[in-house]
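The opening position of the sequence shown corresponds to residue 228 in our numbering, with each subsequent residue numbered one higher.
Backbone N, C-alpha and C fix where the C-beta goes; we use that ideal spot for every residue, glycine too.
In this text, all values refer to a predicted model and were calculated from it rather than measured experimentally.
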Amino acid sequence: MDRFKGKAVLITGAAGGIGGALVQRLRAEGAKIAVADRRLQDIDADVLLEGDLRDPAYADGLPKAALLALGGLDVVINNAGVITRGPVTETSDADWSLSIGVNVEAPFRICRAAIPLMAERGGGAIVNVSSSWGVNPGPNHALYCMTKAAVASLTQCMGMDHAKQQIRINAVCPGEVNTPMLRTGFVKRGFDPDTAVSELGKTVPLGRIAEPEDIADVILFLASDAARYMCGALVDVTGGKPVA
Ligand SMILES: NC(=O)c1ccc[n+]([C@@H]2O[C@H](COP(=O)([O-])OP(=O)(O)OC[C@H]3O[C@@H](n4cnc5c(N)ncnc54)[C@H](O)[C@@H]3O)[C@@H](O)[C@H]2O)c1
């Protein structure tokens, strides 16, 4: 398929699990890609925009930087994210600013900067990465769930507000995905990640947790013309697993 031939795409969190699958798949479909992350090495992209999304000037400037470097801005994928564990009583001020900064403030800043640029060029698509825990509460991750709920709500509101500018804004809400985010969490808790991933897979009706490509393919659908009438949608990608 070449759904993205010549399209200019900005992806945050491109050095991570889902980000890597997005880069690979968009490349294969002919996109011009600008990638953003804290450290960018060996990534097959046209432009590397390295930086910390907690830096407001960096986040504000990403859409313009991508547009200038790629000669356009058709798609923005707000994929970067961090997870902190625990109930609010075990949540530090540092956890709070990190989670709000990366999961909520950065997508807000990037959308706010991207929308007028896309509108001037006749439209575009933005896909935000929320979580199934952003739509339904999950246990022991209060702050993470709240930030993903914030992004889900922002997506629904922006999807309504900017459809008239031909900008479609949607979100994916994945269940557990086999990426460094999940695997490092297992390691921190003293579990072997391969065993833990395989055990977790038994709790999913489809029989396995998601691979990054399972999520990337839905993001590409939402960014593509096949989703041309979708605005403000939150798309569950959970293998049939309800939030416990
Ligand atoms: N893995 C899962 O089980 C799962 C489930 C639901 C939703 N998600 C969401 O999917 C998205 C991608 O996560 P992933 O699983 O690929 O995780 P990942 O940890 O592999 O990738 C996240 C990327 O975001 C980048 N990032 C984090 N903080 C940053 C900062 N301050 N500045 C710049 N870049 C920063 C990281 O460097 C990393 O490359 C996240 O938004 C995550 O919340 C993941």
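Check                                                                                                               : Outcome
Closer than 9 Å to chain C by CB, valine 262                                                                        : Checking the listed chains, one finds no chain C in this structure; it contains a single protein chain.
Proximity winner among Thr311, Val274 and Gly278, relative to glycine 412 (alpha-carbon distances)                  : Thr311
Residues near glycine 218 by beta carbon distance below 7 Å, same chain, minus five either side                     : Absent from the structure is residue 218, since the part of the chain shown begins at 228 and ends at 471.
Alanine 398: CB within 8 Å of a non-hydrogen atom of ligand 2                                                       : Because ligand 2 does not appear in the structure shown, any question about it cannot be addressed here, the ligands present being ligand 1.
Burial state of lysine 232 (16 or more Cβ within 10 Å)                                                              : exposed
Asparagine 355 versus Pro366, Glu347, Met345 and Cys338, residue with shortest Cα-Cα distance                       : Cys338
Stretch-stretch touch, CB-based, cutoff 8 Å, three pairs: the segment 283 to 291 with the segment 322 to 336        : yes
Helix, strand or coil at glycine 365 according to DSSP, with G and I counted as helix                               : coil
CB of glycine 328 within 9 Å of CB of arginine 265, strictly                                                        : no
Inter-residue spacing [alpha-carbon to alpha-carbon] between glycine 246 and leucine 381                            : 21 Å
Range of the contiguous alpha helix (DSSP H) that encloses cysteine 338                                             : 333 to 347
Own chain, CB closer than 8 Å to valine 404, minus 5 neighbours either side, in chain order                         : Gly244, Ile245, Ile436, Ala437, Glu438, Pro439, Asp441 and Ile442
Rounded C-alpha distance that separates alanine 376 from proline 364                                                : 9 Å
Three-way DSSP call (helix, strand, coil) for lysine 259 in this model                                              : strand
Beta-carbon separation (whole angstroms), aspartate 273 vs alanine 255, contact threshold 8 Å                       : In fact, because the Cβ distance is near 14 Å, the residues do not count as touching under 8 Å.
Threonine 374 versus Ser326, Gly257, Glu317 and Leu267, residue with shortest Cα-Cα distance                        : Ser326
Segment limits, beta strand (DSSP E) that includes threonine 239                                                    : 235 to 239
Option in Asp269, Val236, Gly361 and Ala369 with minimal Cα separation from valine 315                              : Ala369
Range covered by the alpha helix (DSSP H) that runs through leucine 433                                             : First-last for leucine 433: undefined, no H or E at that position.
Per DSSP, cross-strand counterpart(s) of proline 407                                                                : The partner list for proline 407 (beta bridge, DSSP) is empty, contrary to what the question assumes.
Member of Ile396, Gly240, Ser359 and Glu317 whose CA lies at the smallest distance from the CA of phenylalanine 448 : Ile396
Glycine 351, enclosing alpha helix (DSSP H) - first and last residue                                                : That residue, glycine 351, is in no alpha helix (DSSP H); its beta strand (DSSP E) goes 351 to 356.
Buried versus exposed, by CB contacts within 10 Å (16 or more), arginine 336                                        : buried
Cysteine 400 beta carbon less than 9 Å from that of serine 358                                                      : yes
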